[in-house]
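Taken in sequence, the protein lines are chains A and B.
So the first sequence is numbered by the numbering used here: it starts at 18 and just counts up by one.
So the second sequence is numbered by the numbering used here: it starts at 30 and just counts up by one.
Below: one structure, written as structure tokens.
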Amino acid sequence: MMRLPIKKTSHYLLSMGVVFLMSCVGLMIHKHFEPTNLVMLYLLAVVISASLWGRGPAIATSLISVLVFDVLFIPPRFKFSVADTQYILTFIGLFVVGVMISELASKLRERALEASRREAQTAILYRLSRDLTTTLNLTDVLDIIRAHVEKVTGSKVKIYLQQAGALKQWVSGAWASLEEFDESIARWVVENVSPAGAGTSHIPSANACYLPLKTGNQTVGVLSYRIRELRDVMERDESVLLDALANQCALAIERIRLLEENRNMELLRERDKLYTVLLNSISHDLRTPLVAITGTLSSLMEDGEHLERTTVRELIETAFEESLRLNNIVGDLLDITRIEAGALRATLQPCDVRDIISVSLDHVREKMGTRPVQVDIVGEIPEVVCDMSLIVKALAYVLDNAIKYSPADAPISVTARAAETGVNIIIRDYGKGIPTAEMEHIFRKFFRGEHSYNVPGLGLGLSICKGIIEVHKGTIRIESDREQGTTVTITLPETS
Amino acid sequence: MTLMANETEKELRVLVVDDEKSIRRFLKASLSPYGYNITEASNAREALMLAFASHPDVIILDLGLPDMDGVDVTRRLREKMKTPIIILSIREHENDKVAALDAGADDYLTKPFSMGELLARLRAVMRRFVPTDDEPYFKTRDLCVDFSRRAVSVKGEPIHLTPTEYDILKLLVQNEGKVLTHRQMIKKIWDKDESSEGIYHLLRVTISNLRNKIESDPGRPVYIQTEPGIGYRLHSDL
């Protein structure tokens, strides 16, 4: 395929070498043979040249053979003249036969070359299609295409993709800075679904060739590659091969696109399902307190006078508790929405950790009941810079969990101690712990453990808690043991 | 504690400012039996007009009004009158709350609130009408403060306080049940503004020391309550 000038010269030199070799053999044996029989040696040289290096060197071999044969073996020897005219016939015969042999041999050689070229192309196409079918994402597909096309053309390659009606160049690290390509030509290619650039009829002066990547009904993009020298432009089979490559690429890209579309659809469907479940659960949680409240109010409105005082009191207390619960649910939903939207603002101020803990405990005082609470401030601890009301809220969520998931008389301990990077606040309960399988989901919003089916809550507490702690650039860690209960460690940096 | 109305022998006039009709209705229905006479305003313009015209005894002001920022309303009211103002806010208005208190509001309530809380706040702010200075003696639970002798005792045991600690305790006692913002306390005690170097820290340390002296469990204080992000309040017996 590659016929470089240097290689060609060497072919001629080599064939001269063969003539030289044959002449040496001839000189060794010429005493025992008739000169006409020595012609066979030169015919052999022609055959060798023809089959190894093709037509040109073979014809040159024939010509040189005639001259050398004349000089070396035809009397008067070592002179460029012929004594016996019958040798003229030998010369003509040698030359004509030489040319014919070279013609035939070189045809054979070309056919063999052609066959091996086909084989190589088939192998390239096969490898490409094999690599492409095992790939599942667009980036990998494009990388494979690039690697293969670069190998075939031996030059830089750029791919443009048709995305959402616009042509975008596909950029990846190694070839991001290629400026030798002209996007306007690529756009023309997409519009006209026909190749352009060097070696084609449209803008043949361009230094790159642009092939459309087309599938049955659409053009998914443009494959372009640099042409190094004009001489290189479009050998026939190369262009056929590249067409085939482009075809494969187009199909692969389309396949990935369809796959992705499919995946997105699947994802949407899953999300839809999740939303429905969530919505059902939230609307249940929102409605339950409302039922109690409206029920109470309607019965008081309709026959308040006939109800006994204790009944009225009971009804009102229930409604009041439910309204507080409703307020908490709404607050939680607002908090998590704010956290997820990144709209949670912390007003930072240095705070006394002892103060933070006592206010947090006040928040859950009623739920705490008569349960023993141990507060331990270990040594001197620095002030932490935080939004105290947010941190109090986070601690209250953790305390609330400790209360909900441990027996009514089990103690809860709160410890604060200086840590390497700030202050650790450790809240420990002696409850039933968290199953190991649930640990990794514990901070997911709306996640509720298997023990929580009869415990009120939306499954937002820890998600909100984590959101608040993260706004302060702190960390929250949970360790749990089925025997020994749960320990939550919140680390707050000294200065956020 | 007895009802305010009985103490002053006159019906107290309350201006309720809220754009939500249901809240005005609820406040009117709930406060009237306690001897409060309710006037309603649904926006800032109306509120300012009514306040300046009729000089109510106390104003309950919602921060989220449609026509004007609640903080500005507070400021406008304070320019002309000293009438106690109680702010109603939702949790999302944390910063506005401090701004309104610093602008001169007397206390705040976070919606939703219970009637008990509102009545306690009303009683606390109305004490401004009953001067406490000539009352030389204060007692709540185990804590006693004798202003005439600058003496403090807990469970009958005399407690030694530094002058600053005493000043803070006195300030809190004089505003019993009412929230005091950091800024207000810093201004009153040290006559400095909040940007002064280390002044916040000084306030926290003094409060902490004061608690160590007067609280039986300084880790769970019962007298001096922290209002996160806002300030402190001396807990009043309800």
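C-beta atoms are modelled at their ideal positions from N, C-alpha and C, and glycine is treated no differently.
For residue i versus residue j, is the C-beta distance shorter than 7 Å?
i, j, result
"B/L130", "B/T210", "yes"
"A/K231", "A/V210", "yes"
"B/A132", "B/V100", "yes"
"B/P247", "B/N241", "yes"
"B/R74", "B/D96", "yes"
"A/S82", "A/Y59", "yes"
"B/L44", "B/Y65", "no"
"A/I398", "A/V431", "no"
"A/T335", "A/A309", "yes"
"A/V36", "A/V99", "no"
"B/V183", "B/I243", "yes"
"A/S79", "A/G115", "yes"
"B/I67", "B/L92", "no"
"A/R494", "A/T503", "no"
"B/T235", "B/I197", "yes"
"B/D136", "B/K207", "yes"
"B/M273", "B/S59", "Outside the shown range of chain B (30 to 267) lies residue 273 of chain B, about which nothing can therefore be said."
"A/V409", "A/S377", "yes"
"A/I485", "A/A411", "yes"
What's the gap between the Cα of residue i and the Cα of residue j?
i, j, result
"A/V250", "A/A215", "Low per-residue confidence applies at A/V250: pLDDT is 45, beneath 50, and the placement is therefore not dependable, though the value from the model is reported in the following sentence. Rounded to whole angstroms, A/V250 to A/A215 spans 7 Å at the Cα level."
"B/I88", "B/D47", "11 Å"
"A/D349", "A/A164", "53 Å"
"A/P510", "B/D222", "27 Å"
"A/E500", "A/D446", "11 Å"
"A/L149", "A/I141", "12 Å"
"B/E146", "B/L138", "8 Å"
"A/V347", "A/L303", "8 Å"
"A/C226", "A/G233", "22 Å"
"A/E271", "A/E277", "10 Å"
"A/A12", "A/S340", "Residue 12 of chain A cannot be examined here, being either before or after the span of chain A that is shown, 18 to 513."
"A/K483", "A/G396", "27 Å"
"A/L21", "A/N281", "Residue placement at A/L21 is poorly supported in this model, since its pLDDT is 43, which falls under 50; the coordinates are not used for a value here."
"A/K462", "B/S237", "38 Å"
"A/R362", "B/G258", "13 Å"
"B/T37", "A/S298", "Here B/T37 scores only 47 on pLDDT, less than 50, and its place in the model should not be relied on; the value that follows carries that caveat. Their Cα atoms are separated by approximately 52 Å."
"A/A193", "A/M405", "Low confidence applies to A/A193: its pLDDT is 46, below 50, so where it sits in the model is not reliable enough to give any reading."
"A/A433", "A/L416", "14 Å"
"A/F50", "A/L121", "29 Å"
"A/D352", "A/K168", "57 Å"
"A/K175", "A/L258", "17 Å"
"A/L296", "A/L365", "35 Å"
"A/F97", "A/F108", "13 Å"
"B/E108", "B/K217", "20 Å"
Kindly indicate the opening and closing residues of the beta strand (DSSP E) around residue i.
i, result
"B/Q213", "Where B/Q213 is concerned, there is no enclosing beta strand (DSSP E), although the alpha helix (DSSP H) it sits in stretches over H211 to W219."
"A/R243", "T236 to R243"
"A/K8", "One cannot answer for residue 8 of chain A here, as it falls past the ends of chain A, which runs 18 to 513."
"A/S4", "Chain A is shown from 18 up to 513; residue 4 of chain A falls before or after that span and cannot be answered."
"A/Y227", "A225 to K231"
"A/I118", "No beta strand (DSSP E) contains A/I118, which is instead part of the alpha helix (DSSP H) from Q103 to T150."
"A/R434", "I429 to A436"
"B/G260", "G260 to L263"
"B/P187", "E186 to I188"
"A/P452", "Unbroken run through A/P452: none, as it is neither H nor E."
"A/G502", "G502 to P510"
Which residues in chain A have a C-beta closer than 8 Å to the C-beta of residue i? List them in chain order.
i, result
"B/E123", "T364 and S406"
What does residue i reach in chain B if we use C-beta pairs closer than 8 Å?
i, result
"A/I394", "G248"
"A/V174", "What A/V174 touches in chain B: nothing, since even the nearest Cβ is about 56 Å away."
Which bits of chain B does residue i rub up against, with CB to CB less than 7 Å?
i, result
"A/N344", "P141"
Does residue i come within less than 7 Å of chain D when only Cβ atoms are used?
i, result
"A/V488", "Although the question refers to chain D, the structure presented lacks it and instead comprises the protein chains A and B."
In the DSSP assignment, find the alpha helix (DSSP H) that holds residue i and state where it starts and stops.
i, result
"B/V234", "I228 to I243"
"A/T364", "No alpha helix (DSSP H) holds A/T364; DSSP gives it neither H nor E."
"A/N209", "E200 to N209"
"B/Y166", "Careful: B/Y166 lies outside any alpha helix (DSSP H), inside the beta strand (DSSP E) at Y166 to T169."
"A/I485", "G478 to V488"
"B/E223", "Looking at the DSSP string, B/E223 is not in any alpha helix (DSSP H), and its letter there is neither H nor E."
"A/P52", "P52 to W70"
- Task: Closer than 7 Å, Cβ to Cβ, to anything on chain A: give me those residues from the region 224-257 of chain B, in chain order.
- Result: Answer set for the region 224-257 of chain B: Y229, H230, R233, S237, G248, R249, P250, T255 and P257.
- Message: Taking beta-carbon pairs under 9 Å, can you tell me which members of the region 47-65 of chain B lie near chain A?
- Response: Those would be none; no residue qualifies.
- Task: Return the residues of the region 354-384 of chain A that lie within a Cβ-Cβ distance of less than 9 Å from chain B, sorted by chain order.
- Result: Of all residues in the region 354-384 of chain A, only R355, R362, T364, Q366, P367, C368, D369, R371, D372, I373, I374, S375, V376, L378 and D379 place a beta-carbon less than 9 Å from a beta-carbon of chain B.
- Item | Members of the region 404-431 of chain A near chain B, C-beta cut-off 7 Å | Taking 7 Å as the Cβ-Cβ cut-off against chain B, the residues of the region 404-431 of chain A that qualify are D404, M405, S406 and V409.
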